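Worksheet: one structure, shown below.
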Amino acid sequence: MKSQLIGFLMNFWISFSPALYFHSGEREEKCIIEDVPSDTLVIGNYKVQRWDIHEQDFLESAPGLGMFVTVTAPTDEVLLKKLYGPQATFSFTSYMSGEHIICLQSNSTRLMAFAGSKLRIHLDIRVGEHFLDEVVAQAKDKVNEVSVKLGHLLEQIHHISREQNYEREREENFRKISEETNSNILWWAILQTLILISVGIWQIKSLKDFFIAKKLV
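Mapping of the sequence shown onto mature numbering (1 follows the signal peptide of the UniProt record, and there is no 0): residues -19 to -1, 1 to 198, in sequence order.
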């Protein structure tokens, strides 16, 4: 049964998530939701540890175990669906703003044969951040290194601009929803008031007709 770990939504200047881990059973799918601006690179790193029932501890390696990684866009379009090993890095680029669902699922039940066995998945998601160290290390001189760092800085500035635009869009949508809700509440209050007035007038008229019919007035 699919379960989702909801709430790790990233809205920082240079967005990234601290590393987290969660436990998973056999063939159990675990998901998180990332709120990502459009045209943004998302990089994920994970490592799987297997619980050893004899050692009563998590082992660093899980040989033969693979993980299916599935990424779904806000339109339910699958952006990434691939089988990786027990430790891997995956990435995708969003083409639209919104909540992207990232799911991980083990591909085997063979390693989970013993009762009480489970997997611990360490996951690190980075949004809008490119790894610069390797590129800088390949630079032949200081000029190239500075050029690479400058390009990386410009890319970060563009990412900040996209984040700001996305936040403005979300704020505008929230404002529209709030205004529509307030308008609906106002009209519903007016409708309730008119109904109460109408019922009151009808009761007064009915009571007056009753008194007249009984010749009490």
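Cβ atoms here follow ideal geometry from the backbone N, Cα and C, with glycine treated the same way.
It should be emphasised that the depicted structure is a prediction, and the values quoted were computed from it without experimental measurement.
Of all the options T162, S19, V23, K130, which has the alpha carbon lying nearest to the alpha carbon of D105?
Along the sequence shown, read from residue 1 onward, the residue named residue 105 stands at position 124. Among T162, S19, V23, K130, the Cα nearest to that of D105 belongs to V23.
For E10, list the residues DSSP reports as bridge partners.
Start at 1 with the first residue of the sequence shown, and residue 10 comes out as number 29. In the DSSP output, where bridge partners are listed per residue, E10 has Q86.
Which same chain residues end up closer than 6 angstroms to H4 when comparing Cβ atoms and leaving out the 5 residues on each side of it in sequence?
Counted from its first residue, the sequence shown places residue 4 at position 23. Answer for H4: K99, R101, listed in chain order.
Measure how close the beta-carbons of D20 and T53 come, nearest whole angstrom, since I'm counting them as under 8 angstroms.
Numbered from its first residue, the sequence shown carries residue 20 at position 39. Numbered from its first residue, the sequence shown carries residue 53 at position 72. About 18 angstroms separates the two Cβ atoms, so there is no contact after all.
Measuring alpha carbon to alpha carbon, tell me which of A69, E160, Y76, F192 ends up nearest L60.
Position 79 of the sequence shown holds residue 60. Residue Y76 is the option with its Cα nearest to L60.
Below 8 angstroms on the Cβ atoms is my contact criterion, and I expect G109 with H81 to pass it. Report the Cβ-Cβ distance as a whole number of Å.
Position 128 of the sequence shown holds residue 109. Position 100 of the sequence shown holds residue 81. Wrong, their Cβ atoms sit about 13 angstroms apart, outside the cutoff.
On the criterion of 16 or more Cβ atoms from any shown chain inside 10 Å, does K189 qualify as buried, or is it exposed?
Here residue 189 is taken as the residue at index 208 of the sequence shown, counted from 1. Using a 10 angstroms sphere on the CB of K189, the tally of other CB atoms stays under 16, which defines it as exposed.
Distance check for W169 and L85, CA to CA, integer angstroms please.
Sequence index remark: in the sequence shown, residue 85 carries index 104 (1-based). Sequence index remark: in the sequence shown, residue 169 carries index 188 (1-based). Distance from the CA of L85 to the CA of W169, rounded to the nearest whole angstrom, comes to 46 angstroms.
Counting only the same chain and skipping the five closest in sequence on each side, list residues whose C-beta sits under 7 angstroms from that of G(-13).
The sequence position of residue -13 within the sequence shown is 7, counting from 1. Its pLDDT being 38, under 50, G(-13) is placed unreliably in this model, and the coordinates cannot settle the point.
For A69, which residues does DSSP report across the bridge?
Position 88 of the sequence shown, counted from the first residue, corresponds to residue 69. As computed with DSSP, A69 is found in a beta bridge with Y27.
Compute the distance between the beta-carbons of T56 and G25, then report whether it is under 9 angstroms.
Counting from 1 along the sequence shown, the entry for residue 56 is found at position 75. Counting from 1 along the sequence shown, the entry for residue 25 is found at position 44. Not a contact, by the Cβ cut-off of 9 angstroms.
Which two residues bound the contiguous beta strand (DSSP E) that contains D20?
What you label residue 20 is simply residue 39 of the sequence shown in a count that begins at 1. First-last for D20: undefined, no H or E at that position.
Which stretch, first to last residue, makes up the beta strand (DSSP E) that contains S75?
As a first step, residue 75 must be located in the sequence shown, where it is residue number 94. In the DSSP assignment, S75 falls outside any beta strand (DSSP E), carrying neither H nor E.
Can you say whether V180 is buried or exposed, counting buried as having 16 or more other CB atoms within 10 angstroms of its CB?
Here residue 180 corresponds to residue number 199 of the sequence shown, with the count starting at 1. The residue in question, V180, is exposed, as its Cβ has fewer than 16 Cβ neighbours within 10 Å.
Rounded C-alpha distance that separates R149 from L46:
Counted from its first residue, the sequence shown places residue 149 at position 168. Counted from its first residue, the sequence shown places residue 46 at position 65. Note on geometry: alpha-carbon atoms of R149 and L46 lie some 43 angstroms from one another.
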